[in-house]
Each structure stands twice: as C-alpha cells, then as structure tokens.
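Shown next, in structure tokens, is the structure this report addresses.
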Amino acid sequence: MRPLVLRGHRRPLTCVKTNREGDLLFTCGKDASLLLWRTDNGQQIGQYNTGRGAIWACDVTVDSKRLIAATGDARIVVMDTFSGEILADIQDEGACKYVEWNRHPKKQDKFVMIHDDFGGGVFMAVKVYQLEFVETEDGQVAVEHRILWIQRGYRSRAIQCHWGSLDKEVITCHENGTIQVWDAKDGSNIRVIEAHKQSVTCISFDLYGLFMLSCSADGTAKLWETKTWTTVKNYKTDRPLNACVISPRFKPDSVEKAHILLGGGQSADEVTTTAASEGKFQALLIHLIHESEIGSIKGHFGPINTLTFLADGHGYVSGGEDGNVRIYHFDKDYILDKYD
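Going by our numbering, the first residue of the sequence shown is number -7, and it counts up by one from there.
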C-alpha cells in the first residue's frame, strides 16, 4: 500500500476533508493555504485565496458547490468551490478555530463555528450563522448573513463543533475533557458529558448520526450512542490522539468494515529520538466492535493532526505536523473483506 504524498503545504496541517463523492480533497494548514486536490492521483487542482491568516478548518457542502473556511485572523470565508470566488467574508470577534455546514442536503444555509478569546473584551463563543444567497440582476450571487444565536456559557476552550443528527443539536468538545450538547434552535445547553481525563481533540460521526467517536490527548477514544449519550465502546492506545474517524462502510446492522482510524503521536517537545517509530506517529486501524487493533500504517515524521476516510471507505487521507498530506488506497485484501 504505497501512499500518494502531497507536498503543497509549508507548515503543519490542520484539516483534511473530502466531498461527498470522494473525488475532491480539501486541505488547509497553518501556512494560510487552502488547497484543492484530486484523490485518485494526488494532482493539485488549485489554491484558494483566503488571506494571510492560518486556516484552522474547512468544510464543503453536499453538492460540492460551496466551500467554507475558518481563519486565525477572525474571519469566516465562504467561497465558490470551482471558481474560487469569495462569496462572503465575515469578520468575527476572535480567532476562528472550527466551522461546519449544517447537514441537511437540500438546504445547507447554516453553519456553526467557534472562536477563541481575544484581548480583554472578547470571550470565546459558539455561534450559528444563517446565510441567504441572493442572485443579483447581473447574474452574480450576493450573500447576506445573520447570527441565529451565540453561546458563551462554557469555561474551557472549544476544540471542535459539529452538527448532530438531523441538525437538531450542536456538539462541541473542550480542553477540559468535556463534550457539550446544545440545542440547535436557540443555543440552550442540553447536556455536559464528562468524556475524557484530558483535552478532547476530535469528534466524528457515522453516516447515520447514530454513533459518535471521540478521542483525547489522554490516549483513549470512546464510541457514544447519540440518542442517550452513553459510552458503548472504549479504545486504549499508547499515544496522545489528535484525530479519529469512523469508516463510511460501517453499518449499525452489520459487522462489515466496522472500523475506525485513530491518529496522533507525541508532540515535538516530548520526542527524545529522531526515529519516527518512537514518536508513535502511525495511524491505527481498529475494529469498532471488538476494540482490537487490525493494523498500523506508518509514514509521517511527526504527529498526525487530522484524518478522513475516502468516501467509499477504501482508503483514507492523513495530514501531519510535518506538513505532508498522505492519501492511502487500501490493498485488495482489505476490499475483499480479509480484515472483517
């Protein structure tokens, strides 16, 4: 299984995302670059002009038409995916650390975002925006935006924010090890979950929104049932974890490809040797039900910061602290159910 190594970034990766069809890959990093690639051959298609701020997260709509990015210079940028035209440049209060479109495939006109404190007068917040796309007389698209709600009622910095099942909830994960659930209509707090002992670095969902996977700097990952928010599986590793993802081939009524991917590794100031194996920078493929490790995939020369499966589940993409993006297409043995 030889990966495609994409070397378009000069600094650490912060987010990798594919579109629904899986043919396009979006990568962003601390070098203020947001790049577009083909997943089949790793060819770079283009680069988006988003300014000078580090890009902490990006997301693309289900129809692949609109791209959104959260930047370190307190901006949310909405772009046309194919032309690169900036449709909206929203100035917010603090460094924007995560953003995600709502999940409704026919009406993706909302997004949730988080930003950090800034100075003495700006406090961290979770916000939901609504966008209105208006076509002007000359055929251009004008975008109007408004804030539906703002929630500042939490004490620990949020790492990520996501939409829950059917866009009814917003879920955030925090540095103090908690996961918080908010009502998507008004931002009221529904639940605070004591999830991990250290910072919750990533949360992701299966295709049906029935299960949520979380991982933490304490080296553990947990699978949650989203109706009752109870833990159903626990996964223990020997490294701090930065990223987790559930295979899109997983189905709740089948054990076929019930797999998850975990990635992380020791930070640079903790590594005492130059050997990549000592830093534990491999991606871990783990059986979701049996909690057993199926295999590990090496390659990065620093911690893995972000992961995503390819849309068909026959491979994955990783972005690392080393500035490299690696696309892996699994061997035929995996596709032919050898590892179920």
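The beta carbon of each residue, even a glycine, is placed where N, CA and C say it ideally should be.
Every value quoted in this text rests on a predicted model; they were computed, and no experiment measured them.
Ends of the beta strand (DSSP E) at residue i?
{"i": "Ile289", "result": "Glu285 to Ile289"}
{"i": "Lys225", "result": "Thr222 to Lys228"}
{"i": "Lys243", "result": "That residue, Lys243, is in no beta strand (DSSP E); it is neither H nor E in DSSP."}
{"i": "His137", "result": "Val133 to Gln143"}
{"i": "His251", "result": "His251 to Gly256"}
{"i": "Tyr308", "result": "Gly307 to Gly312"}
{"i": "Gln341", "result": "Since the first and last residues shown for the chain are -7 and 332, residue 341 lies out of range."}
{"i": "Asp81", "result": "Ile78 to Gln83"}
{"i": "Ala176", "result": "Here Ala176 belongs to no beta strand (DSSP E), and DSSP marks it neither H nor E."}
{"i": "Phe18", "result": "Leu16 to Gly21"}
{"i": "Thr6", "result": "Leu5 to Thr10"}
{"i": "Asp72", "result": "Arg67 to Asp72"}
{"i": "Ala235", "result": "Leu233 to Ile238"}
State the DSSP-derived secondary structure class of residue i, mapped to helix, strand or coil.
{"i": "Leu215", "result": "strand"}
{"i": "Leu158", "result": "helix"}
{"i": "Tyr90", "result": "strand"}
{"i": "Asp325", "result": "helix"}
{"i": "Asn33", "result": "coil"}
{"i": "Pro(-5)", "result": "coil"}
{"i": "Tyr333", "result": "For residue 333 there is no data in the structure shown, the boundaries of the chain being -7 and 332."}
{"i": "Gly315", "result": "coil"}
{"i": "Asn181", "result": "strand"}
{"i": "Leu280", "result": "coil"}
{"i": "Ser206", "result": "strand"}
{"i": "Tyr320", "result": "strand"}
{"i": "Lys57", "result": "coil"}
{"i": "Val114", "result": "strand"}
{"i": "Thr266", "result": "Only weak support is given to the placement of Thr266: the predicted model assigns it a pLDDT of 49, under 50, and the value that follows is read from those uncertain coordinates. Three-state result, Thr266: coil."}
{"i": "Asp198", "result": "coil"}
{"i": "Thr298", "result": "strand"}
{"i": "Thr128", "result": "coil"}
{"i": "Ala62", "result": "strand"}
{"i": "Met274", "result": "The amino acid at residue 274 is misidentified as Met; the sequence shows Gln. Note: Gln274 maps to coil in three-state DSSP."}
{"i": "His1", "result": "coil"}
{"i": "His166", "result": "strand"}
{"i": "His373", "result": "With the chain covering only -7 through 332, there is no way to say anything about residue 373."}
{"i": "His292", "result": "coil"}
Residue i CB to nearest chain D CB: under 7 Å?
{"i": "Asp101", "result": "Note that chain D does not occur in the displayed structure, where there is just one protein chain."}
Per the DSSP calculation, residue i is bridged to which residue(s)?
{"i": "Trp48", "result": "Answer by DSSP bridge pairing: none, since Trp48 is not bridged."}
{"i": "Lys102", "result": "Gln122"}
{"i": "Gly38", "result": "Leu28"}
{"i": "Ile151", "result": "Looking at the DSSP assignment, Ile151 forms no beta bridge with any residue, so it has no partner."}
Pick from the options: whose alpha carbon is nearest that of residue i?
{"i": "Asn234", "options": "Thr222, Asn226, Ile78 and Ser206", "result": "Ser206"}
{"i": "Gly45", "options": "Gln35, Val224, Trp93 and Cys20", "result": "Cys20"}
{"i": "Gly43", "options": "Ala61, Met(-7), Phe18 and Gln35", "result": "Ala61"}
{"i": "Lys89", "options": "Ser75, Lys98, Asp108 and Gln83", "result": "Asp108"}
{"i": "Lys99", "options": "Lys57, Phe74, Gln258 and Leu5", "result": "Lys57"}
{"i": "Thr31", "options": "Tyr40, Ser25, Leu(-2) and Arg3", "result": "Leu(-2)"}
{"i": "Gly34", "options": "His282, Asp23, Ala24 and Gly14", "result": "Gly14"}
{"i": "Ile182", "options": "Gly145, Ile78 and Asn316", "result": "Gly145"}
{"i": "Thr222", "options": "Ile286, Val184, His96 and Thr229", "result": "Val184"}
{"i": "Gln190", "options": "Pro232, Ile163 and Thr220", "result": "Pro232"}
{"i": "Lys156", "options": "Trp141, Lys177 and Gly169", "result": "What sits at residue 156 in the sequence shown is Gly, not Lys. Looking at the Cα atoms, Lys177 is the closest of the given residues."}
{"i": "Thr10", "options": "Cys50, Ser25 and Gly0", "result": "Cys50"}
{"i": "Ile47", "options": "Thr63, Ala303, Val120 and Gln36", "result": "Thr63"}
{"i": "Ile327", "options": "His306, Glu313 and Asp314", "result": "His306"}
{"i": "Trp290", "options": "Phe273, Asp245 and Tyr308", "result": "Looking at the sequence shown, residue 290 is not Trp but Lys. Among Phe273, Asp245 and Tyr308, the Cα nearest to that of Lys290 belongs to Phe273."}
{"i": "His282", "options": "Lys228, Asp323, Gly271 and Ile171", "result": "Lys228"}
{"i": "Met71", "options": "Asp55, Tyr40, Gln172 and His188", "result": "Tyr40"}
{"i": "Gly201", "options": "Val224, Asp210 and Pro244", "result": "Pro244"}
{"i": "Ile286", "options": "Gly271, Pro295, Ser25 and Ala250", "result": "Ala250"}
{"i": "Ser288", "options": "Asp314, Gly112, Phe322 and Lys225", "result": "Phe322"}
{"i": "Glu77", "options": "Cys194, Val133, Val126 and Phe110", "result": "Val133"}
{"i": "Glu136", "options": "Leu199, Asp101 and Gln172", "result": "Asp101"}
Can you round the beta-carbon distance between residue i and residue j to whole angstroms, since I take them to be within the 8 Å contact cut?
{"i": "Val8", "j": "Gly311", "result": "5 Å"}
{"i": "Asp84", "j": "Ala66", "result": "5 Å"}
{"i": "Ala150", "j": "Thr164", "result": "5 Å"}
{"i": "Thr218", "j": "His188", "result": "Their Cβ separation, rounded to whole angstroms, is 17 Å, which puts Thr218 and His188 out of contact at 8 Å."}
{"i": "Phe293", "j": "Asp314", "result": "5 Å"}
{"i": "Val120", "j": "Val162", "result": "7 Å"}
{"i": "Leu5", "j": "Thr298", "result": "6 Å"}
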